[in-house]
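Read the structure below first, then the notes.
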Amino acid sequence: AIECGAGGARCLCPHAPKPFGQASGALVYTRTNQSADKGGGRADYFGARSGKVCAAWPGSSLLDQRNPTCDIRTYRGGQWACHHMWSLLDADQPIPWTDQPLTWRIKLRFWVQPYDEAFHTRLSLGETSGDRYPNAALLIGSPWEYDVP
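The sequence shown begins at 407 in this note's numbering and counts up by one.
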């Protein structure tokens, strides 16, 4: 083990890492030199600054399950990483199908149970996380960002 400051070594992480789900950071898009590549800028922030924080139990079981969507250190990509006209390929890979739109489909499965006022917590939809994503709070745990291990 290398000690901080020993022999001129520098610490990249001088403090203990934040607990799972509390890390923060941003995804940044790097353009290729292909004319079809229209991306640019920051994809999204993670952590308290962004409002993208997985709720603790009983609001959600995502933290307990250590779902990769809850922490930028384990997030592997999805709707937050890919915006319109962005290409998530290696720089040397040609962007395919530039002459036609791509579509995606999702399959949803819901499990329901009778509402019990004494047990269940009411949800308030429409929480905001700024002007850019007025309903971003609804995306946490949503079907297209839930990472299935």
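The beta-carbon is built from N, C-alpha and C at its ideal position, and this holds for glycine as well.
Secondary structure note for G447: its beta strand (DSSP E) is the uninterrupted segment 447-452. The straight-line gap separating the alpha-carbon atoms of C476 and L433 is approximately 14 Å. When the alpha-carbon of T509 is set against those of M491, G447, T438, the nearest one is in M491.
The residue among Q499, Q428, C488 with its C-alpha nearest the C-alpha of V459 is Q428. Remark: C-beta atoms of R482 and F426 do not approach each other more closely than 7 Å.
K444 is the residue among S430, K444, G453, A461 whose C-alpha sits nearest the C-alpha of L494.
P464 is classed as exposed because its beta carbon has fewer than 16 other beta carbons within 10 Å across all chains shown. The residue among S430, W503, R437, A422 with its C-alpha nearest the C-alpha of D496 is R437. Around the beta carbon of L469, 16 or more other beta carbons lie within 10 angstroms, which makes this residue buried. In the DSSP annotation of this structure, the continuous segment of the beta strand (DSSP E) that includes L433 starts and ends at 431-435.
Only residues of its own chain outside the window of five on either side were considered, and among them A432, L433, V434, Y435 have a CB closer than 8 Å to the CB of R448, listed in chain order.
Contact annotation: S430 and G446 have beta-carbon atoms that are not nearer than 7 Å. Around the Cβ of Y451, a 10 Å sphere holds 16 or more other Cβ atoms; the residue is buried.
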